[in-house]
Amino acid sequence: MDVVGWFASGIGTVGGFNGVAPTRLLDTRSAGDGSCVTSPRLLAVVNVAGVPVTASSVALNVTVTNSDLPGYVILWPAGASRPNSSTVNFVAGEVRANATVSKIGALGAISILSSGGCPHVIIDLVGWFDGGASFGVGGVAAVTPYRALDTRSASNTEGCLRGYRAVTMAGVPGSGVPFDATAVLLNITAVSPNASGYITAFPDLATPPTASNLNFRAGQVVANGVWVKVNSDNQRVTLFATGGCPHVVLDIVGFAVSSMQPAPAPATVGTQAVSGAKWPDVSDPAVMTDGGKYYVFGSNTNVRNIPVRTVTDLTRTYTSTGWEQATSEAMPTRPAWARQDEKTLWAPTAAKLAPNFYVMYFAANRPNAPQPWNPQCIGRAFASLPQGPYTPETAPITCGIEGTGGALDPEYFHDPVSNTSYLLAAFSDTSFSIHVMPVDTWGSPIQQSDAAPPRVIELRRALVGKQTPPEPGFIENPSMVYDAATGTYLLSYSYGDWNTANYSTGVVRCSSPVGPCSLQSTTPWLASGNSRTGTGGLSFFAGLDGSTRAVYASWPQGHEAQGGYWRAGSLAVVATGAVPTLR
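When we follow this note's numbering, the leftmost residue of the sequence shown carries the number 1, and every step to the right adds one.
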């Protein structure tokens, strides 16, 4: 017996392991469970043996018996695409078992599929890992299986595994494993070796251990799950094989962290921090880059529903009348479902979906709301030109619950890793949470019956309340950007009272667009300074040079009581200088 690590434990420890008495989830030898799993089958795990809805993944033991042909068994999150990995490989007539961790998917379930005729499959639940926004020390998260190495692949120029080989494990785009993962859970498969031998995995550049992770005989296809520590300097593990030159398939199914990669250092917005371009009369700014220009959208003003300006120079400061192109109206007609008598259209965000096809999301109030500011809803409009005019749809996409606040501050985000687009929104109900909704190529939220419901990133008071100022009234204005240097995602948000100098911008770092996320600092990312106040509404956007930029709203000190939105003094600032930048 070789000890390879330990888990944090206890309910409420985010990412912590909670063991259970082995509980049988599936036994195809039993008449009630069906005889074959030759087509994808959902297997419920939530509310089984005490697994709560907050669990992120489950620890399983998978056994195959009575197989009449060679084959494999695959496990993956329900609702996700089937991976090209395998969990157990077997030959005819043998009994083969493997331990694994599977991420929980839609409906609190995992998916299972087997090949090789009609083998009997037995799955036992042995524990679960708690989910949430930030990891504790030793916290664990599962990922959709990611193939890190296949020596049979044509793209693998080194061929079969002869001796030692280092493989990058953390921060690889598409893997879901953050840059600072301290260990990875691997499924290692030896494929048809020409001699008996073994494979061992260990941290790159470390002394090779005497332990083996996988033992095989000539001609076998054998898999085993193993935890391996990652070299913290180069994010690699090393494989070593004996037995001639076996082919090896390596799939990542989970990872452990001690803490998430730090975010850029916090900054106070003073004279140095606002040294970039300044755009007057723009609140809740959002920028779309298209055709060599920046299109600047803002919340409603006294004269426009949604104003849009055109900019080509991010270093230039403009006056109210000195824009390169006169301010125009992005959406001349207010949606019929929204209030018509007040300046209640705000936080627009626009994106190019196809040539001559643009979408804009915005927040608005419905008529006959029980209170002046709720329920808020998110609407959508389309245009053939980036500056509009945009035509709104006849109904909102989503609304909050009557009397609880509503849905507001939409933000469109396209993930370059998965090539998936998302709509982020703040729900100002009692949960104070950020909702992340996948959208299709036309910008419509995906709500199929077999898809996972909108994921809620847990930016709640228990997390954000650790920052200053404490106990923010709302968590709103989400914006997300992919940080290629670390393979993680930065999610910014505004919190505090938007009508005071306490309004600030915070940030968490996430391992995927839908979390889990980790709080980066007990101080704001952006806060009021000696020249500007109420720093919020930050939005990331792409620079014409390919860089990642950010713009935020603020107003002069002394204007707090007036509010910083459609009133005098509102100023959007392109973050440069002392403002944190991405690596």
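Using N, Cα and C, we set each Cβ at its ideal position, and we do this for glycine too.
Can you tell me whether A92 is helix, strand or coil according to DSSP? Position 92 of the sequence shown holds residue 92. Coil, per DSSP.
Work out the CA separation of A347 and G379 for me, nearest whole Å. Sequence index remark: in the sequence shown, residue 379 carries index 379 (1-based). Sequence index remark: in the sequence shown, residue 347 carries index 347 (1-based). Approximately 11 angstroms, taken between the alpha carbons.
Expressed to the nearest angstrom, what Euclidean distance is found between the alpha-carbon atoms of V177 and D68? The residue you call residue 177 lines up with position 177 of the sequence shown. The residue you call residue 68 lines up with position 68 of the sequence shown. Rounded to the nearest angstrom, the two C-alpha atoms are 37 angstroms apart.
Name the DSSP bridge partner or partners of Y164? Locating residue 164 in the sequence shown gives position 164, counting from the first residue. DSSP output for Y164 lists F240 as bridge partner(s).
Quick check: A99 and V143, are their CB atoms within less than 9 angstroms of each other? For the purposes of this step, residue 99 is taken as the residue at position 99 of the sequence shown. For the purposes of this step, residue 143 is taken as the residue at position 143 of the sequence shown. No, the pair does not count as a contact, with Cβ atoms beyond the cut-off.
Evaluate contact between the segment 28–39 and the segment 88–103, counting only Cβ atoms and requiring at least three cross-stretch pairs below 8 angstroms. no
With 16 other Cβ atoms within 10 Å as the buried cut-off, status of G16: Start at 1 with the first residue of the sequence shown, and residue 16 comes out as number 16. Buried is the call here.
For N89 versus P70, is the C-beta spacing smaller than 9 angstroms? Numbered from 1 along the sequence shown, position 89 holds the residue referred to as residue 89. Numbered from 1 along the sequence shown, position 70 holds the residue referred to as residue 70. Cβ distance < 9 angstroms, so N89 and P70 count as in contact.
Compute the distance between the beta-carbons of Y489 and T505, then report whether it is under 9 angstroms. On the sequence shown, position 489 is the one that residue 489 refers to. On the sequence shown, position 505 is the one that residue 505 refers to. No, they are not a contact pair.
Between C245, R549, L205 and A501, which lies nearest to G536 when the distance is taken from Cα to Cα? In the sequence shown, counting from the first residue as 1, residue 536 sits at position 536. When only C-alpha atoms are compared, the closest one is A501.
So, under 8 angstroms CB-CB, V95 and S86 are touching, yes? Tell me the CB distance rounded to an integer number of Å. Here residue 95 corresponds to residue number 95 of the sequence shown, with the count starting at 1. Here residue 86 corresponds to residue number 86 of the sequence shown, with the count starting at 1. Their Cβ separation, rounded to whole angstroms, is 17 angstroms, which puts V95 and S86 out of contact at 8 angstroms.
Buried or exposed for Y482, please, with buried defined as at least 16 other CB atoms from any protein chain shown within 10 angstroms of its CB. Within the sequence shown, residue 482 is the residue found at index 482, counting from 1. When all chains shown are included, Y482 counts as buried.
Quick check on S175: buried or exposed, where buried means 16 or more other Cβ atoms within 10 Å of its Cβ? As a first step, residue 175 must be located in the sequence shown, where it is residue number 175. Looking at its Cβ environment, which holds 16 or more other Cβ atoms inside 10 Å, S175 is buried.
Once DSSP output is grouped into helix, strand and coil, what is the label at A350? In the sequence shown, counting from the first residue as 1, residue 350 sits at position 350. A350: strand per DSSP, three-state reduction.
Status (buried if at least 16 other CB within 10 Å, exposed otherwise) for C510: Start at 1 with the first residue of the sequence shown, and residue 510 comes out as number 510. That one is buried.
Quick check: the segment 153–165 against the segment 48–61, are there 3 or more CB pairs under 8 angstroms? no
Measure the beta-carbon distance from Y390 to A330 and round it to whole angstroms, keeping in mind my assumption that it falls under 8 angstroms. Along the sequence shown, read from residue 1 onward, the residue named residue 390 stands at position 390. Along the sequence shown, read from residue 1 onward, the residue named residue 330 stands at position 330. Indeed they touch by this definition, with Cβ atoms about 6 angstroms apart.
Does the beta carbon of A206 fall short of 8 angstroms from some heavy atom of the ligand PLP? Absence of the ligand PLP from the depicted structure is noted, as is the absence of any ligand whatsoever, leaving it without description.
For E411, report the span of its beta strand (DSSP E) as first-last. Counting from 1 along the sequence shown, the entry for residue 411 is found at position 411. From DSSP, the beta strand (DSSP E) with E411 extends over A407 to D415.
Spatial neighbours of D440 within its chain, please: C-beta separation below 7 angstroms, excluding the five flanking residues on both sides. Within the sequence shown, numbered from 1, the residue matching residue 440 stands at position 440. Correct list, in chain order: I446.
Relative to the C-alpha of G225, which residue among E411, N215 and G197 is closest? Locating residue 225 in the sequence shown gives position 225, where the first residue counts as 1. Among E411, N215 and G197, the Cα nearest to that of G225 belongs to N215.
Sequence-distant residues of the same chain with beta carbon closer than 6 angstroms to S421, five excluded per side: Here the question's residue 421 lines up with position 421 in the sequence shown. H414 and V439, listed in sequence order.
Which residue from A286, L43, V221 and V53 puts its Cα closest to that of R549? Taking the sequence shown and counting its residues from 1, one reaches residue 549 at position 549. Of A286, L43, V221 and V53, the residue nearest in Cα terms is A286.
Alpha carbon to alpha carbon, how far is P83 from F202? Give it in angstroms, no decimals. The count along the sequence shown starts at 1 and reaches residue 202 at position 202. The count along the sequence shown starts at 1 and reaches residue 83 at position 83. The straight-line gap from Cα to Cα measures roughly 25 angstroms.
If distances are taken between C-alpha atoms only, which option among D545, N18, S539 and G50 comes closest to V296? Here the question's residue 296 lines up with position 296 in the sequence shown. Looking at the Cα atoms, S539 is the closest of the given residues.
Selection from A55, V91, P77 and W128 that minimises the alpha carbon distance to N18: Taking the first residue of the sequence shown as position 1, residue 18 is located at position 18. It is W128.
Nearest CA to the CA of N604: which residue from L423, G487 and Q387? Because the chain in this structure spans residues 1 to 583, residue 604 falls outside the shown range and cannot be described.
How many angstroms separate the CA atom of P416 from the CA atom of P52? By one-based count along the sequence shown, residue 416 stands at place 416. By one-based count along the sequence shown, residue 52 stands at place 52. Going by the C-alpha atoms only, they are around 32 angstroms apart.
Out of A485, G131, P396 and G388, which has the shortest C-alpha to C-alpha gap to A336? The count along the sequence shown starts at 1 and reaches residue 336 at position 336. Here the closest residue by C-alpha is P396.
Can you round the beta-carbon distance between Q387 and L408 to whole angstroms, since I take them to be within the 8 angstroms contact cut? The residue labelled residue 387 in the question sits at position 387 within the sequence shown. The residue labelled residue 408 in the question sits at position 408 within the sequence shown. Actually they do not touch by this definition, with Cβ atoms about 24 angstroms apart.
If you draw a straight line from the C-alpha of A241 to the C-alpha of T65, how long is it? By one-based count along the sequence shown, residue 241 stands at place 241. By one-based count along the sequence shown, residue 65 stands at place 65. Each residue's alpha carbon lies about 28 angstroms from the other.
Are the CB atoms of R147 and L75 nearer to each other than 9 angstroms? Counting from one through the sequence shown, the residue named residue 147 turns up at place 147. Counting from one through the sequence shown, the residue named residue 75 turns up at place 75. No, the Cβ-Cβ distance between R147 and L75 is not below 9 angstroms.
Express the C-alpha separation of A106 and L205 in angstroms, rounding to a whole number. Locating residue 205 in the sequence shown gives position 205, where the first residue counts as 1. Locating residue 106 in the sequence shown gives position 106, where the first residue counts as 1. Whole-angstrom Cα-Cα distance: 40 angstroms.
Hey, how far is the Cα of I123 from the Cα of L42? As a working mapping, residue 123 is identified with position 123 in the sequence shown. As a working mapping, residue 42 is identified with position 42 in the sequence shown. Between I123 and L42, the C-alpha separation is close to 13 angstroms.
Can you tell me whether E393 is buried or exposed? The criterion is at least 16 other CB atoms within 10 Å of its CB, across all chains shown. As a position in the sequence shown, residue 393 is number 393, starting the count at 1. Classification for E393: exposed.
For C399, write down the residues that DSSP places opposite it in a beta bridge. Locating residue 399 in the sequence shown gives position 399, where the first residue counts as 1. In DSSP, C399 forms a bridge with C377.
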